[in-house]
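Asks: Pasting in a structure now, in structure tokens, and then I'll have a few things to ask.
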């Protein structure tokens, strides 16, 4: 079974700070990577997808991918209390399956 | 409104009593999938369907069946539920492939 590992958290950051979330994956042939946000009691929602090495920015979110190191990260700049949630890293393998990490819970302190 | 719907949202049942959880999407998506979410284990894929002709097992298919007779619906069937299938279940869909998925609201199942 493909493994996706995330830093366990919980991660507590002050409002306005940068939250940094990390994810490593075991399947070297993985090509597609996603970050989902899940509020307590709600379903996951996609916030970022990244397919090639480097950085991808969308508003206050930046995803970073390094395939050689099998590492993908998510930065949340200017963190807001509304960013308090669990963030799930997901990796697509060659067989059209999607594997998720266990998630990192982020709490933004006002 | 574009959405994935699941029914029921909550279900308490007994061991061995067959049940079906329905999933429907109105976005004309090709790909649909079922996941279960358990504390500490994250989301695990049960089954997925690339389109109405192709369905395949995910990482935890034991004890589950699925059916994809039409594009919009993808029911999850538990022929003989057991307590270890107590979990939170999500259905998801995406336009093509396994990429950017939209999730349903979830079904919380308890098997006693």
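Residue numbers (the numbering used here), protein chains in the order written: chain A, 2 to 111; chain B, 1084 to 1195. By construction, the Cβ of each residue, glycine as well, lies at the ideal position given by its N, Cα and C atoms. This one's a predicted model, so the numbers in the text were calculated from it and none came from an experiment.
For a test of the three-state rule: what should DSSP assign to residue 15 of chain A, helix, strand or coil?
Replies: Residue 15 of chain A: strand per DSSP, three-state reduction.
Asks: With respect to 7 Å, is the separation between the Cβ of residue 71 of chain A and the closest non-hydrogen atom of the ligand SAM below this value?
Replies: Absent from the structure shown: the ligand SAM. Ligands present: none.
Asks: Between residue 87 of chain A and residue 13 of chain A, is the Cβ-Cβ spacing less than 8 Å?
Replies: Contact: no.
Asks: Please report the Cβ distance between residue 1114 of chain B and residue 1177 of chain B, rounded to the nearest whole angstrom; I am assuming they are in contact, meaning their Cβ atoms lie under 8 Å.
Replies: Rounded, the Cβ-Cβ distance is 5 Å, consistent with contact.
Asks: In chain A, what lies closer than 7 Å to residue 1141 of chain B by C-beta?
Replies: By Cβ distance, chain A contributes 98.
Asks: Should residue 34 of chain A and residue 66 of chain A be called a contact, given that it needs their Cβ atoms to be closer than 8 Å?
Replies: Taking 8 Å as the Cβ cut-off, residue 34 of chain A and residue 66 of chain A qualify as a contacting pair.
Asks: Skipping 5 residues on each side, what residues in its chain have a beta carbon closer than 6 Å to that of residue 1121 of chain B?
Replies: Contacts found: 1170.
Asks: Which residues in chain B sit within 8 Å of residue 6 of chain A, going by Cβ to Cβ distance?
Replies: Ordered by position in chain B, no residue passes the 8 Å Cβ test against residue 6 of chain A, which lies about 10 Å from the chain.
Asks: Name the DSSP beta bridge partners of residue 64 of chain A, please?
Replies: Per DSSP, A:57 and A:75.
Asks: Do residue 105 of chain A and residue 47 of chain A have their CB atoms nearer than 8 Å?
Replies: Not closer than 8 Å, so no.
Asks: Can you tell which of A:39, A:18 and A:4 has its C-alpha closest to the C-alpha of residue 26 of chain A?
Replies: Comparing Cα-Cα distances from residue 26 of chain A to each of A:39, A:18 and A:4, the minimum goes to A:4.
Asks: Just to check my reading of the structure: residue 1174 of chain B and residue 1089 of chain B have Cβ atoms closer than 8 Å, yes? What is that Cβ distance to the nearest angstrom?
Replies: 5 Å between Cβ atoms; contact.
Asks: Excluding the 5 residues preceding and the 5 following residue 85 of chain A in the sequence, name in chain order all residues of the same chain whose CB lies nearer than 7 Å to its CB.
Replies: Here the set comprises 107, 108 and 109.
Asks: Which of helix, strand or coil does DSSP assign to residue 1156 of chain B?
Replies: Residue 1156 of chain B falls in the strand class under three-state DSSP.
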